[in-house]
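K.L.:
Sending over a structure as structure tokens; questions will come in a sec.
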Amino acid sequence: MVLISAMPQLAQQVGASRVVAGRKIPHPCGDPTLPPELDFKVRGEIVGMALKALEENVTDPKIFVPISTN
Amino acid sequence: MRLELATFPVSQVTLDGSTRLEGRNLHVSREELSKLITADVRLSHAEVDVVEPGESVRVVHFCDAIEPRIKVQGPGECYPGLTGSVETVGAGCTHRLAGVSVALSAEYPVKGSGVGAAHEAVLEMSGPGAVSPLSQTINLVLSVKFASGFGQTEYHEALRAAGFKVARHLAQLTLDKEAEHVQLFELAPASGLPKVVYIHQLLTHVSLPVPYLFWYGRAITDWMPFWAHPNELLDGALLPNALGAYAAKPSSWEHVNHPVVQRLYEQHGKSLDFLGVIVHRTRFETFEEKQLSANQAAKLAQLMGAQGAIITWIGAGNAFIEGMLTAQALERMGIKTVFMTYEHGGKEGTESPLMFSVPEADAIVSLGSLDRRITLPPVDRAVGDMTLSIDREAGPERVSASGELKLDWFLPVASGLDHWGAGTQICTAY
Amino acid sequence: MGPVKIVHYINQFFGGIGGEEKADVELLVHAKPVGPAIGLQKALGERGEVVATLVCGDNYVNLNMETARAQIIEAVVRFQPQVFVAGPAFNAGRYGFACGEICKAVAEQLGIPAVTGMYPENPGVAVYKSAPKVWILPTSDLAGSMVKVLPKLAAFALKLGQGMPIGQAAEEGYIPTGRRQLEHAATPGAERAIDMLLAKLHGEPFVTEIPAERLEKVPAPPALSKLQEARLVVITTSGMVPRGNPDEFKMFNATQWRKYSLPEHGVLRPEEWEFIHGGFNTAFAQANPNVVFPLDALRQFAGQRFKELYSEFYSITGVGTSLTMAQRAGEQIAASMHDDQVDAALLVAT
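Chains as they are written, first to last, in this note's numbering: chain F, 312 to 381; chain S, 28 to 457; chain A, 496 to 845.
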């Protein structure tokens with residue numbers, strides 16, 4: 312399981328093992344203030360990082376920060 | 028800042044032929060108030076009722092309660108921002124009618140969704156749900172109907188304006204009279220005593236059509252923590268909206284009769300040096316911003332010389348994070364902190380009392396629980412409507428307003444959450 | 496009323512049989528006080544009577560729990576006590592478990608209230624502190640403090656036997672059971688806060704009204720070795736439901752979770768969904784559901800990075816959710832995922 316959260320430190324504190332840093336609480340998987348193509352790109356980076364997290368072994372709760380190609 | 032608060036206690040409110048104050052007896056003309064209210068075309072109808080402490084009565088669609096206060100001397104006006112004046116308040120002389128409130132009851136046609144929704148709230152005057160300080164005041168209830176053809180923002184503006192207009196009208200009755208007692212509110216130097224700051228965390232939201240909280244009439248959006256003199260709070264500079272005074276939204280009356288501010292003032296010069304108030308809006312939507320606002324609040328406290336701090340907060344899990352982060356930031360600066368909070372604990376009190384905590388939060392005052400069920404017994408009468416829907420999104424089903432209300436938790440009860448410790452609710456370990 | 500009748504349970508060591516090497520001894524019943532029960536009797540004076548001492552090996556109890564329990568229950572029944580006392584176990588783990596388990600059984604099966612004593616860190620405390628009608632008094636970890644503990648056990652036992660109500664943990668001196676009761680304090684919260692702060696500022700002792708808690712650690716599941724062959728499912732806490740909210744989700748304090756089908760046409764259209772949630776600004780999600788349920792991005796990766804996205808998703812309104820509800824939902828959803836042969840889950844929080 313991988314968690315996408317705008318509060319990754321909190322998620323880490325309560326023990327979620329794989330946490331991907333999302334954008335903001337009302338829109339964790341995107342940025343609606345950006346033009347649609349960029350918002351979609353941001354979303355792809357977040358989901359892509361989530362998939363990567365599923366493939367990585369972790370011992371302690373870990374935060375994965377999406378890599379922006381901007 | 029030197030404020031004289033002149034109190035005119037009211038022990039009886041009588042619906043009568045003319046509006047006047049005779050000693051402790053407030054007479055109110057229904058017709059006069061009704062006309063005053065419906066002068067605004069957005070409000071089609073207004074009923075005026077009186078509910079008293081201990082009475083078997085319930086006010087439904089409870090939107091706000093206002094203590095009649097008026098500034099008679101000094102800059103600005105009470106409840107600034109409602110009339111346009113933005114002069115700094117907190118000095119001079121303010122008259123108040125004590126033991127009474129102007130309570131607003133209205134059901135918004137469009138509930139809204141998410142954090143901008145209007146909430147159903149009930150004010151109990153007796154029984155297990157009578158936990159509000161307003162259960163102990165005589166409340167002059169204005170039950171208002173909205174005229175068709177307007178939007179939520181306009182209805183809200185109209186209702187709120189009506190409430191403050193009536194409150195002012197009543198407060199004006201004190202102008203030619205002498206107060207029963209006058210209290211001086213001044214933060215005179217108190218050397219040698221521990222310096223204490225009050226961190227007043229309040230929930231606000233950004234970009235809502237009807238703002239959640241106002242400072243001098245302006246919507247508090249995603250502001251950083253700022254310094255306030257407690258007298259500004261006493262003169263009503265900080266106010267909620269009137270979309271429903273449910274447990275997570277203290278009424279205007281409670282804002283000016285603030286238990287922590289009152290007690291810190293009482294102790295000022297005796298056991299402590301009350302420095303002032305940090306108004307700290309929550310809740311930010313990213314962790315970095317939450318941490319930033321916590322750091323900034325702690326910085327303000329430190330710059331003002333605080334040695335101790337009391338934190339209160341409003342909201343749920345999201346806002347709670349700021350609370351804990353602020354307590355942590357203060358303690359790490361060496362400022363001793365006490366955190367006041369309600370608990371969770373589930374229905375039986377066997378679950379975790381807090382969502383999470385930080386090791387620095389070692390001094391916590393319990394203010395009761397949100398999670399427990401409460402059954403409000405049937406009442407002899409309900410004011411505001413014959414029926415209500417406690418949870419509009421769960422279904423349009425309505426129940427009798429005066430019947431038994433089985434609630435899953437305290438949220439729809441006015442002041443059901445005692446954010447500021449006015450009451451004695453507590454959870455105890457067994 | 497006559498003296499309160501008490502049965503006292505102790506282990507092989509305190510029963511004078513022997514140490515670790517005798518931990519396998521089976522139940523021995525003495526119709527009189529033995530070992531610490533003698534001290535207990537002394538502390539009780541005329542107000543209480545230890546009618547029997549039950550002695551059992553720690554290993555015997557822990558390894559033959561059912562048999563030992565049944566035997567002990569039978570013995571207790573024979574003596575008809577009003578109160579059951581066990582230990583104190585101090586910091587001995589197996590003894591603590593035995594005391595806890597037996598107290599729990601006696602209270603549950605016979606309705607007899609029970610009291611024992613343990614060092615707060617004894618693992619038996621965490622497991623048995625919330626057993627109904629069982630109280631654990633805190634002790635030091637040193638058996639030498641027996642002399643201090645027995646009068647406290649005696650006093651508590653008498654209270655139980657006399658049918659007196661047991662008040663809050665701090666006043667009565669037992670380890671909190673984990674149940675917190677909504678009550679009224681003597682003074683308002685604002686006053687107590689200032690008093691607490693002044694004590695803290697002056698370096699005086701104070702007691703926090705809500706003690707800190709430690710969360711259980713869940714070990715991280717191993718990484719997916721073959722993500723390309725995986726079936727992925729999404730859980731959203733945004734309260735995302737089909738338009739019309741057919742299952743009547745509430746804005747706060749969720750009491751249900753649901754599984755909904757993703758649309759055949761593969762796109763999250765705003766007019767087909769709504770968000771029942773009182774804790775965040777749902778406007779963004781309503782305008783473009785992908786920002787809380789990244790379906791468009793997931794569809795891009797499906798078939799390449801992972802095999803397929805499951806055709807259904809899980810939804811719950813995550814605000815003001817009780818911990819119990821959240822745990823139950825988690826277990827049920829996990830079971831459902833298991834049945835659907837899902838390999839991985841993406842939980843998007845709002």
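In this text, a Cβ means the ideal position worked out from N, Cα and C, and glycines have one as well.
Between F366 (chain S) and the ligand NAP, is the CB less than 7 Å from at least one heavy atom?
P.N.:
Absent from the structure shown: the ligand NAP. Ligands present: none.
K.L.:
Should M613 (chain A) go down as buried or exposed, given a rule of 16 or more other Cβ atoms within 10 Å for buried?
P.N.:
Burial call: buried.
K.L.:
In terms of residue numbering, what span does the alpha helix (DSSP H) encompassing W280 (chain S) cover?
P.N.:
S279 to V283
K.L.:
My parser needs the beta strand (DSSP E) runs of 3 or more residues fully inside the region 598 to 685 of chain A; what are they?
P.N.:
Listed in chain order, they are 609 to 613, 629 to 633 and 675 to 679.
K.L.:
Are the beta-carbon atoms of L535 (chain A) and A649 (chain A) separated by less than 8 Å?
P.N.:
One thing to note: L535 (chain A) has its Cβ within 8 Å of the Cβ of A649 (chain A).
K.L.:
For G156 (chain S), would you say it is in contact with chain A, using Cβ-to-Cβ distances shorter than 8 Å as the test?
P.N.:
At a cut-off of 8 Å between C-beta atoms, G156 (chain S) does not count as an interface residue with respect to chain A.
K.L.:
Three or more C-beta pairs closer than 8 Å, one from the region 571 to 588 of chain A and one from the region 596 to 613 of chain A: is that the case here?
P.N.:
Short answer: they touch.
K.L.:
Given a cut-off of 8 Å on the beta-carbon distance, is the pair S159 (chain S) and A336 (chain S) in contact?
P.N.:
Not a contact, by the Cβ cut-off of 8 Å.
K.L.:
Which word fits V40 (chain S), buried or exposed, when buried means at least 16 other C-beta atoms lie within 10 angstroms of its C-beta?
P.N.:
It counts as buried.
K.L.:
Report yes or no: do three or more beta-carbon pairs, one from the region 57 to 73 of chain S and one from the region 135 to 150 of chain S, lie closer than 8 Å?
P.N.:
no
K.L.:
Assign P102 (chain S) to one of three DSSP states: helix, strand, or coil.
P.N.:
coil
K.L.:
Determine the extent of the beta strand (DSSP E) in which S316 (chain F) is found, giving its start and end residues.
P.N.:
V313 to S316
K.L.:
Under 9 Å, CB to CB, which of the residues in the region 522 to 535 of chain A have a partner in chain S?
P.N.:
Residues are counted here when their Cβ sits less than 9 Å from a Cβ of chain S; for the region 522 to 535 of chain A the count is zero.
K.L.:
Helix, strand or coil for V193 (chain S) per DSSP?
P.N.:
helix
K.L.:
What does T65 (chain S) reach in chain A if we use C-beta pairs closer than 9 Å?
P.N.:
Correct list: empty, because the minimum Cβ distance to chain A is about 32 Å.
K.L.:
Would L167 (chain S) and V287 (chain S) be called neighbours here (beta carbons separated by less than 8 Å)?
P.N.:
no
K.L.:
At a CB-CB cut-off below 8 Å, which residues of chain F make contact with F314 (chain S)?
P.N.:
Residues of chain F passing the Cβ test: A317, M318, P319, Q320 and L321.
K.L.:
Name the two residues that bound the continuous alpha helix (DSSP H) containing Q781 (chain A).
P.N.:
A778 to A782
K.L.:
In its own chain, which residues sit with a C-beta less than 7 Å from the C-beta of K628 (chain A), not counting the 5 before and 5 after it?
P.N.:
So the qualifying residues of the chain are A602, P608 and A609.
K.L.:
Starting from the Cα of L314 (chain F), find the closest Cα among F:I357, F:P346, F:I378 and F:E348 and give me that residue.
P.N.:
F:I357
K.L.:
Report buried or exposed for R123 (chain S), applying the criterion of at least 16 other Cβ atoms within 10 angstroms of its Cβ.
P.N.:
buried
K.L.:
Excluding five sequence neighbours on each side, which residues of the same chain lie with their C-beta closer than 6 Å to the C-beta of I512 (chain A)?
P.N.:
For I512 (chain A), same chain residues with a beta-carbon under 6 Å away, outside a window of 5 residues either side, are V520 in chain order.
K.L.:
Does the beta-carbon distance from A92 (chain S) to S128 (chain S) come in below 8 Å?
P.N.:
yes
K.L.:
Excluding the 5 residues preceding and the 5 following L763 (chain A) in the sequence, name in chain order all residues of the same chain whose CB lies nearer than 7 Å to its CB.
P.N.:
P784, N785, F788 and L790
K.L.:
Do three or more CB pairs link the region 680 to 697 of chain A to the region 375 to 384 of chain S at distances below 8 Å?
P.N.:
No, the region 680 to 697 of chain A is not in contact with the region 375 to 384 of chain S.
K.L.:
From P633 (chain A) to P646 (chain A), what distance separates their C-alpha atoms?
P.N.:
So the two alpha carbons sit approximately 13 Å from each other.
K.L.:
How close, in whole Å, do the beta carbons of T121 (chain S) and A33 (chain S) come, if the pair is a contact with beta carbons under 8 Å?
P.N.:
7 Å between Cβ atoms; contact.
K.L.:
Assuming V87 (chain S) contacts A409 (chain S) (C-beta within less than 8 Å), just tell me the rounded distance between them.
P.N.:
Indeed, because the Cβ distance is near 6 Å, the residues count as touching under 8 Å.
K.L.:
List the residues that DSSP assigns as beta-bridge partners of Q452 (chain S).
P.N.:
Note: Q452 (chain S) sits in a beta bridge opposite A:H679.
K.L.:
Just to confirm, is the Cβ distance from C551 (chain A) to A584 (chain A) under 8 Å?
P.N.:
no
K.L.:
Where does A361 (chain F) land, buried or exposed, given buried means 16+ other C-beta within 10 angstroms?
P.N.:
buried
K.L.:
Look up E596 (chain A) in the DSSP assignment and say whether it is helix, strand or coil.
P.N.:
helix
K.L.:
Could you have a look at S320 (chain S) and say whether DSSP puts it in helix, strand or coil?
P.N.:
helix
K.L.:
Rounded C-beta distance between V223 (chain S) and D300 (chain S)? I'm assuming under 8 Å.
P.N.:
7 Å
K.L.:
Any idea which residues DSSP pairs A336 (chain S) with across the strands?
P.N.:
Beta bridge pairing from DSSP links A336 (chain S) with S:V224 and S:T364.
K.L.:
Mind checking E431 (chain S): buried by the 16 CB within 10 Å criterion, or exposed?
P.N.:
exposed
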